[in-house]
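Number of protein chains: 2
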Amino acid sequence: MKSKNKPTSVDIAHLAGVSQPTVSRALRDSPLVSLETRRKVQKIARELNYKVDVNARNLRSQRTNTLALLLFEDSGENESFINPFFLSMLGSITRAAAQQGYDLLISFQQLSDDWNAEYEDANKADGIIFLGYGDYTSYIKRISKLDQEGAHFVTWGPVLKDQPGLFVGSDNELGGFLAADHLLKLGHTRIAFLGVESKDHPEFHDRHAGFIRAHQKHGIAIADELRFNAFFSEESGYTATQALIQSGHDFSAIACASDLMAIGAIKALREHGLRVPRDKAIVGFDDIPTAEHLAPSLSTIQQDTFAAGKALVDSVIHSINGDETKSFLLPTKLIVRDSCGAGI
Amino acid sequence: MKSKNKPTSVDIAHLAGVSQPTVSRALRDSPLVSLETRRKVQKIARELNYKVDVNARNLRSQRTNTLALLLFEDSGENESFINPFFLSMLGSITRAAAQQGYDLLISFQQLSDDWNAEYEDANKADGIIFLGYGDYTSYIKRISKLDQEGAHFVTWGPVLKDQPGLFVGSDNELGGFLAADHLLKLGHTRIAFLGVESKDHPEFHDRHAGFIRAHQKHGIAIADELRFNAFFSEESGYTATQALIQSGHDFSAIACASDLMAIGAIKALREHGLRVPRDKAIVGFDDIPTAEHLAPSLSTIQQDTFAAGKALVDSVIHSINGDETKSFLLPTKLIVRDSCGAGI
DNA sequence: CAATACACAGAATACGTATGCAGACAGCGC
DNA sequence: GCGCTGTCTGCATACGTATTCTGTGTATTG
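Dropping the structure here:
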């Protein structure tokens, strides 16, 4: 049924009247082979539609030219749902990897599971990119071991002091600052913050820290009673906003630690007869594709997924090559749309 | 700097006092090895954190246990933009592959380029899944060759008579029918259709065919002057809708061949002071995540990405295993939301 | 007791490539 | 004519695993 006669370098050697090593060298355009021989070999290879067997090549060279992308999901979530922000990241990472000549192996993992990072041990990939929100503390515990083993990997996430491994992330503190600063400039003084308070989620902590700094800059006291726990999901934002409303505390704006939360928040407000931005202003975080299409369109903090993908790929490749590497932050940017009422 | 002493099956053999082949067998729980020996070997392997070298394994077994996913992009598009529908597909394919014990290699390709499908030739993958919209005619030309070579692949797309290769796709005709039928039931008789008219885009053709069938069922004449060419993008939907409005033809509803188009259409209508759904009704196609968050929320034809991912993965695996395979369609479903005015 | 089956393990080998090393040959200087 | 350098090529081998085949010792059968 199938014609399975993949040509090998030996076949080509035979046809070209040279040895197999010469074929190997000629195909990689090695100057050790005369131009004439190279041309002849390459011509035959093309005619036979010869492709180097990557398994043999990898086995011999102990290098795979492949990166693995591990995307953690909240296990509680809807089975088929992935935060759109990560899908964007995935797109830019794929592109960046291709541009560097690396193949990309992708895998979704439940963070709760004993996730496997054996891509490098099994010589499936030269390095790993970790992506996803999750319990930072337990995550660090896992990657410490990887780090000690000398694995090559980079994590998308909070960049902190004394982390094991290599991190690339957005400047969450700046983002939190920009969001709050914007709302404060618009005259809001009672701003709610939606985001988990926990050492296990430093991204939230940093966003909140920026939130605080903006208040300090404006000389406005933080209303701690307006902070509500919420994770990244829409449901979570919805629930937290309900709690906020039912608390009876006065507030005029909500800073959400993710766009999905903001979607849930808007829904909850609307169900209580509150209009955005007339009654309450909203700012999100991430700038997912849906943000600009919401009604009202969502003002948010944009993370530069394009730069992020490139930075992650470059970092892990540097690590693989043994070059000097350093964790670093990417700037975040305020995108003003309608949900904050700036245009009114 | 790095501790690169990956243990091999030979090391384990040494430690266990057995031969390498015995280790190989023991680790795969072969009944050819006594239970006692198996346990001993497995214990040592665990202690050393041994992982089978996939390159060696693949080289030896001539099988990779990996699928390649090729996603075609419109080259004209914004560099970093991917239709959200395909991102959803990507998610479900990844999951389905994992469930079947396959790794997934992903790659984005410009359809215009001389895209490479050498994953199988190079023994990078056992089979390929093709995904993306594009010029069907030239696509078919390319895969015909693959098919003749006996490659293992499946394509997400229109399922037609006498296609080369294996296809899995949504029932576009049914989707088109459901969309138009719904609008007709709501009393609309002058319904515009946005979608390219071309043999190179059978998906559009099928959706339009269903559109026609619905009209026939209701005894309503098709208004051919209300058909406007548009591709999948938002810009395209926007432009087409402007043209529709400026044509001066009477219409009360638009059936869009993709949700992105619908987004563009709504934008164009709004700019002309036309309200959705009060003045014009809209139905989309795909049910991307943004659809439900639009204002008004978008009625649309849902493609079951979960089933699609599973079907694609299963199909290509069947093909790899030499099992009987057949192209087939997945049902589409009408999702009624606000944009069609059904609730008013 | 001889013959045979059986359960288990090792020896040998192949998968296809890349590379260290040695060899061949030409050109060149003296 | 000898040694030298430089250019090109081939030989031998290793990467780590899976499988075929062979061999051993024990249990079973007639």
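The listed protein sequences derive, respectively, from chains A and B.
Residue 10 is where the first sequence starts when you use this note's numbering, and the numbers rise one by one after that.
Residue 10 is where the second sequence starts when you use this note's numbering, and the numbers rise one by one after that.
In this text, a Cβ means the ideal position worked out from N, Cα and C, and glycines have one as well.
All values derive from a computational prediction rather than experimental measurement.
Contact check, residue i vs residue j, beta carbons under 8 Å
i        : j        : result
Val177/A : Ala320/A : yes
Ala290/A : Ala271/A : no
Trp124/B : Ala317/B : no
Leu76/A  : Asn64/B  : no
Gly246/A : Ala264/A : no
Phe260/B : Arg236/B : no
Asp268/B : Gly228/B : no
Ala277/B : Gln251/B : yes
Leu193/B : Ala351/B : no
Glu107/A : Phe117/B : The sequence as given places Ala at residue 107/A; Glu does not occur at that position. A contact, by the Cβ cut-off of 8 Å.
Thr146/B : Asp233/B : no
Asp112/B : Lys133/A : yes
Ala54/A  : Thr46/A  : no
Gly204/B : Ile310/B : no
Ser179/A : Phe315/A : no
Ser242/B : Pro305/B : no
His302/A : Thr299/B : yes
Ile329/B : Gly159/B : no
Ala266/B : Phe186/B : no
Phe220/B : Ala188/B : yes
Arg346/B : Leu283/B : no
Leu57/B  : Pro16/B  : yes
Val50/B  : Ile21/B  : yes
Residue i versus the options, residue with shortest Cα-Cα distance
i        : options                                   : result
Leu175/B : Ser348/B, Val19/B, Ile21/B and Ile326/B   : Ile326/B
His161/B : Thr334/B, Leu303/B and Ser348/B           : Thr334/B
Lys150/A : Asp171/A, Ser267/A, Arg199/A and Leu183/A : Asp171/A
Arg216/B : Pro340/B, Ser324/B and Thr31/B            : Pro340/B
Arg8/A   : Leu140/A, Asn181/A, Leu99/A and Arg287/A  : Given that chain A is displayed from residue 10 to residue 353, the structure contains no residue 8/A and the question cannot be resolved.
Arg72/A  : Asp130/A, Asp332/A, Leu41/A and Gln157/A  : Asp130/A
Glu127/A : Leu78/A, Ser39/A and Asn330/A             : Leu78/A
Phe95/A  : Ser348/A, Ala189/A and Gly143/A           : Gly143/A
Tyr148/B : Leu80/B, Leu24/B, Asn74/B and Gly26/B     : Leu80/B
Leu343/A : Phe139/A, Ser336/A, Ala22/A and Gln312/A  : Gln312/A
Secondary structure of residue i, DSSP reduced to three states
i        : result
Ile96/B  : The displayed chain sequence assigns Leu, not Ile, to residue 96/B. Reduced to three states, the DSSP call for Leu96/B is helix.
Gln312/B : strand
Arg236/B : strand
Glu86/A  : At Glu86/A the pLDDT is 49, less than 50, meaning the model places this residue with poor confidence; the figure from the coordinates comes in the next sentence. In the structure shown, Glu86/A sits in coil (DSSP, three-state: anything other than H, G, I, E or B).
Lys289/A : coil
Ala264/A : strand
Ala201/A : strand
Ser12/A  : Unreliable placement is indicated for Ser12/A, whose pLDDT of 43 sits below 50; no coordinate value is reported for it.
Ala126/B : coil
Asp295/B : strand
Ala77/A  : strand
Lys208/B : coil
Lys133/A : coil
Lys319/B : helix
Host alpha helix (DSSP H) of residue i (start-end)
i        : result
Asp20/A  : Ser18 to Ala25
Ala54/B  : Leu44 to Glu56
Arg346/B : Careful: Arg346/B lies outside any alpha helix (DSSP H) and carries neither H nor E.
His217/B : Pro211 to His227
Leu303/B : Neither: Leu303/B is in no alpha helix (DSSP H) and is coded neither H nor E.
Gly246/A : Glu243 to Ser256
Val63/A  : Val63 to Ser70
Pro30/A  : Gln29 to Leu36
Leu155/A : Tyr145 to Gln157
Start-to-end residues for the beta strand (DSSP E) that takes in residue i
i        : result
Gly136/A : Gly136 to Leu140
Phe337/A : Phe337 to Leu339
Phe162/B : Phe162 to Trp165
Asp112/A : Asp112 to Gln119
Tyr176/A : Note on residue identity: the sequence assigns Phe, not Tyr, to residue 176/A. Leu175 to Ser179 is the extent of the beta strand (DSSP E) around Phe176/A.
- Members of the stretch 85-117 of chain B that neighbour chain A once the beta carbon cut-off is set at 7 Å: Ser89, Ile91, Pro93, Leu96, Gly100, Ser101, Thr103, Arg104, Ala107, Asp112, Leu113, Leu114, Ile115, Ser116 and Phe117
- Item | Contact list for the stretch 42-72 of chain A against chain B, Cβ threshold 9 Å | Asn58, Tyr59, Lys60, Val61, Asp62, Val63, Asn64, Ala65, Arg66, Asn67, Leu68, Arg69 and Gln71
- Query: Any residues in the stretch 125-155 of chain A with a beta carbon nearer than 8 Å to a beta carbon of chain B? Which ones, in chain order?
  - Reply: Glu127, Asp130, Ala131, Asn132 and Lys133
- Within 7 Å of chain B by C-beta, residues of the stretch 320-331 of chain A in sequence order: Gly331
- Message: Please list, in chain order, the residues of the stretch 290-303 of chain B that have any C-beta partner in chain A closer than 8 Å.
- Response: Pro298, Thr299, His302 and Leu303
- With 9 Å as the C-beta to C-beta threshold (strictly closer), list the residues of the stretch 14-44 of chain A near chain B in chain order. Lys15
- Query: the stretch 259-287 of chain B: which residues have C-beta closer than 7 Å to a C-beta of chain A, in chain order?
  - Reply: So the list reads Ile272, given in the order they occur along the chain.
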